[in-house]
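Peer 1:
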Amino acid sequence: MGSPWGTDESSWPIHIAVRLKGEVLYLGTAKLSQAGTSNGVLTDCELRFEAPLSRQLLNRVRPPLPAVDLPGLEWLRNVNDDRAAALEQFVIGWYSAAGATEPPANRSSSRLPGGLRQLYRLAKQRPGALGTQNRILPESDLHTDHLGEMLVFGAENQGGFFWSLLWTLDGPEADPTVWFREFDEEPAAEQEPLSGFLIQFSLFEASMGADYLALPRRLTATQVAQLTQALHLVPLRPFWPWAPTHFYVAPGLVVRVSNEGGEEFAVWAGATHRSALEPLADLPVDWIRFDG
Numbered sequence: 295m296g297s298p299w300g301t302d303e304s305s306w307p308i309h310i311a312v313r314l315k316g317e318v319l320y321l322g323t324a325k326l327s328q329a330g331t332s333n334g335v336l337t338d339c340e341l342r343f344e345a346p347l348s349r350q351l352l353n354r355v356r357p358p359l360p361a362v363d364l365p366g367l368e369w370l371r372n373v374n375d376d377r378a379a380a381l382e383q384f385v386i387g388w389y390s391a392a393g394a395t396e397p398p399a400n401r402s403s404s405r406l407p408g409g410l411r412q413l414y415r416l417a418k419q420r421p422g423a424l425g426t427q428n429r430i431l432p433e434s435d436l437h438t439d440h441l442g443e444m445l446v447f448g449a450e451n452q453g454g455f456f457w458s459l460l461w462t463l464d465g466p467e468a469d470p471t472v473w474f475r476e477f478d479e480e481p482a483a484e485q486e487p488l489s490g491f492l493i494q495f496s497l498f499e500a501s502m503g504a505d506y507l508a509l510p511r512r513l514t515a516t517q518v519a520q521l522t523q524a525l526h527l528v529p530l531r532p533f534w535p536w537a538p539t540h541f542y543v544a545p546g547l548v549v550r551v552s553n554e555g556g557e558e559f560a561v562w563a564g565a566t567h568r569s570a571l572e573p574l575a576d577l578p579v580d581w582i583r584f585d586g
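All the letters of the sequence shown, read from the start, carry residue numbers 295 to 586 under the working numbering.
1) Could you please give the first and the last residue of the uninterrupted alpha helix (DSSP H) stretch that includes S382?
2) Taking G564 as the reference, which of E557, V543, G556 and E558 has the closest Cα?
3) Over the uninterrupted alpha helix (DSSP H) stretch that includes R531, give me the two end residues.
4) Let me check one thing: in DSSP terms, what residues is D338 bridge-paired to?
5) Just to confirm, is the Cβ distance from S489 to V385 under 8 Å?
6) Enumerate in chain order the residues of its own chain whose CB-to-CB distance from L672 is below 6 Å, with the five nearest sequence positions on each side excluded.
7) When you compare the CB positions of I310 and L321, do they come within less than 8 Å of one another, or not?
8) So within the stretch 501-546, which uninterrupted beta strand (DSSP E) runs reach at least 3 residues, ignoring any that extend past its ends?
9) Looking only at its own chain, which residues have a Cβ that is under 6 Å from the Cβ of F541, when we skip the five neighbours before and after it?
10) Among Q419, A449 and T323, which one has its Cα closest to the Cα of F343?
11) Tell me whether L571 sits in a helix, a strand or coil according to DSSP, three-state version.
12) Indicate the three-state DSSP secondary structure (helix, strand or coil) for G564 in the structure shown.
13) Indicate the three-state DSSP secondary structure (helix, strand or coil) for S434 in the structure shown.
14) Name the DSSP beta bridge partners of K325, please?
15) Determine the direct distance from the alpha carbon of R371 to that of A380, and round the result to whole angstroms.
16) Nearest by alpha-carbon distance to L509: which of F584, P538, P407 and R313 is it?
17) Return the first residue and the last residue of the beta strand (DSSP E) that L459 is part of.
18) Is it buried or exposed for H440, if we count other Cβ within 10 angstroms and need 16 for buried?
19) Quick check on the burial criterion: 16 or more other C-beta atoms within 10 angstroms. Buried or exposed for T566?
20) Express the C-alpha separation of P487 and A394 in angstroms, rounding to a whole number.
21) Roughly how many whole angstroms lie between the Cα atoms of V446 and G453?
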């Protein structure tokens with residue numbers, strides 16, 4: 295936290311041990327990652343081990359927990375047959391409802407495509423469905439672009455890019471093209487129309503906001519094949535023009551794999567329970583973070 299004598303304490307090792315059933319078990323050294331104070335008193339801190347704990351040692355100090363009600367994959371069989379059903383099943387399975395026992399009535403504007411109206415309806419009980427990293431704008435915040443040609447309905451968390459639909463005075467297209475636009479660049483079409491895009495958006499945001507994460511360093515194609523071997527590929531065309539992204543799933547787990555055109559892949563896994571990450575635990579992967 296800093297030294298009043300000017301000594302560089304950040305280089306000092308912090309030794310970690312835990313009490314476990316009458317014995318003290320030494321775990322190794324760590325560095326301070328972040329900390330908080332109140333009125334000059336330490337209130338919380340996060341320590342990062344300098345060397346990963348072995349699976350055997352980790353299981354002793356943090357015993358594995360059985361899976362409890364992991365979200366299933368019933369939605370997956372509907373992805374290309376009934377995308378509205380797939381979206382609803384995924385959102386209801388992944389996010390817990392905030393109270394009410396019956397879905398609220400759909401009162402969204404009839405000027406909006408059915409997919410957006412459905413997502414707004416689901417978000418009344420499950421606000422997380424509108425996004426964690428990026429977001430689907432609340433219905434009251436929908437607006438046209440500066441030319442009045444596009445209806446902006448989604449945005450990156452820092453405003454770096456947005457998603458929009460072609461805006462006309464006629465009735466909404468049933469399943470319109472989604473347009474991705476970065477700043478003042480020319481818009482690029484997402485490969486999936488709105489029905490598929492909303493499923494992909496939901497998968498991306500579910501992984502970003504998950505309580506349990508697995509984040510490897512960049513992977514080769516061979517490593518990606520090993521990591522996804524036991525998972526199910528979501529049968530949709532790539533998401534996100536910036537870095538085409540495919541999704542792989544298992545009960546309670548969403549893994550996204552992105553590639554910007556090189557030989558390395560960016561991978562992010564999010565899970566509702568740490569047991570859902572267990573299939574990834576023994577892979578020969580260099581993890582930046584692994585909560586399994």
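A virtual CB, placed ideally from N, CA and C, is assigned to each residue, including glycine.
Peer 2: This is what the structure holds:
1) Numbered from 1 along the sequence shown, position 88 holds the residue referred to as residue 382. A quick correction: the sequence has Glu, not Ser, at residue 382. Note, E382: alpha helix (DSSP H), R377 to W388.
2) Position 270 of the sequence shown, counting from 1, holds the residue named residue 564. For G564, the nearest C-alpha among the options comes from V543.
3) Here the question's residue 531 lines up with position 237 in the sequence shown. No alpha helix (DSSP H) contains R531, which DSSP labels as neither H nor E.
4) As a position in the sequence shown, residue 338 is number 44, starting the count at 1. DSSP, once it has assigned bridges, lists G330 as partnering D338.
5) Counted from its first residue, the sequence shown places residue 489 at position 195. Counted from its first residue, the sequence shown places residue 385 at position 91. The answer is no: Cβ separation not under 8 Å.
6) The requested residue 672 does not occur in the structure, where the chain is confined to residues 295 to 586.
7) Residue 310 sits at position 16 when you count from the first residue of the sequence shown. Residue 321 sits at position 27 when you count from the first residue of the sequence shown. It is a contact, given that the beta carbons lie within the stated cut-off.
8) 506-510 and 539-544
9) Here residue 541 refers to the residue found at position 247 of the sequence shown. Hits under 6 Å: L497, V528 and R550.
10) On the sequence shown, residue 343 is found 49 positions in, with the first residue counted as 1. When each option's Cα is compared against that of F343, the closest is T323.
11) Here the question's residue 571 lines up with position 277 in the sequence shown. Of the three classes helix, strand and coil, the one that applies to L571 here is helix, per DSSP.
12) Position 270 of the sequence shown, counting from 1, holds the residue named residue 564. Reduced to three states, the DSSP call for G564 is strand.
13) As a position in the sequence shown, residue 434 is number 140, starting the count at 1. S434: helix per DSSP, three-state reduction.
14) Within the sequence shown, the letter at position 31 stands for residue 325. The partner list for K325 (beta bridge, DSSP) reads R342.
15) For the purposes of this step, residue 380 is taken as residue 86 along the sequence shown, with counting starting at 1. For the purposes of this step, residue 371 is taken as residue 77 along the sequence shown, with counting starting at 1. Each residue's Cα considered, the two are about 8 Å apart.
16) In the sequence shown, residue 509 corresponds to position 215, counting from 1. Residue F584 is the option with its Cα nearest to L509.
17) Taking the sequence shown and counting its residues from 1, one reaches residue 459 at position 165. First-last of the beta strand (DSSP E) with L459: F455 to L460.
18) For this step, residue 440 is matched to residue 146 along the sequence shown. Exposed is the call here.
19) Translated into positions along the sequence shown, residue 566 becomes position 272. Burial check for T566: the Cβ neighbour count within 10 Å reaches 16 or more, so the residue is buried.
20) Position 100 of the sequence shown, counted from the start, is the residue given in the question as residue 394. Position 193 of the sequence shown, counted from the start, is the residue given in the question as residue 487. With a pLDDT of 47 at A394, under the threshold of 50, the modelled position of this residue cannot be trusted; read the value that follows with caution. Distance between the alpha carbons of A394 and P487: 31 Å.
21) As a first step, residue 446 is located in the sequence shown; it is residue number 152 there, counting from the start. As a first step, residue 453 is located in the sequence shown; it is residue number 159 there, counting from the start. C-alpha separation (whole angstroms): 12 Å.
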